[in-house]
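Down below is the structure, laid out as structure tokens.
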Amino acid sequence: MGVVVEVNRQYTLDLEAAPERVPQIRRIVAAHLRYWKLECLIQPVSLGVCELLTNVFRHAEGDKRCTLELRWTGRRLTAAVLDRDPRLPVLGGGEPLEARGRGLAMVASLSDSWGTHPTADGKVVWFTVRAEAPDAQGLVRRRPPRALPVAKRPPVAVAPLATLEPARL
């Protein structure tokens, strides 16, 4: 029988969503996932986070400041981006070769669940990726996402992530 390791790790970062920040944020996310021994999640989580930050830059009206939160419970990693625009995003039917309109569909396809909900001063968009408990060598392995098509994978409502004292860039 496998041992389930209970952890509760969080990282919060306040930033301004801008294209020139994406490589830096990608490195920060990768560094935290390595530190948490979640190397197998670096590619999907980094890609999902970058898509959510790009959406803030492209679609949020007014202030482009946002908060990135990562939370690992030992069974799943949740990445969330909170911004001040109250308009909730809609999963588009973007065609695979279109230059825009595929971001949330991509996030949905590389995650196990995703969703969005309003907050007191904007909204949060989040996704989760399941990870197995560490093995004998202390490595965490990613379980493949559910095999449901994107259209049949509805957003799941969860409570907002707790906000820790944010790191600042």
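Under numbering that gives the first Met the number 0, the sequence shown has 111 at position 112, and the numbering climbs by one with no breaks. Just so you know, even glycine gets a beta-carbon here, dropped at the ideal spot from N, CA and C.
Residue j and residue i - do their beta-carbons sit closer together than 8 angstroms?
{"i": "residue 121", "j": "residue 88", "result": "no"}
{"i": "residue 31", "j": "residue 81", "result": "no"}
{"i": "residue 128", "j": "residue 40", "result": "yes"}
{"i": "residue 125", "j": "residue 59", "result": "no"}
Quick check on residue i: does DSSP put it in helix, strand or coil?
{"i": "residue 29", "result": "helix"}
{"i": "residue 85", "result": "coil"}
{"i": "residue 55", "result": "helix"}
{"i": "residue 109", "result": "helix"}
{"i": "residue 124", "result": "strand"}
{"i": "residue 114", "result": "strand"}
{"i": "residue 119", "result": "coil"}
For residue i, report the span of its beta strand (DSSP E) as first-last.
{"i": "residue 72", "result": "Element bounds for residue 72: n/a, residue is neither H nor E."}
{"i": "residue 8", "result": "8 to 15"}
Note down the Cα distance separating residue i from residue j, rounded to an integer number of angstroms.
{"i": "residue 22", "j": "residue 15", "result": "13 angstroms"}
{"i": "residue 105", "j": "residue 55", "result": "16 angstroms"}
{"i": "residue 72", "j": "residue 118", "result": "22 angstroms"}
Does the stretch 110 to 129 touch the stretch 47 to 54, meaning 3 or more C-beta pairs lie closer than 8 angstroms? yes
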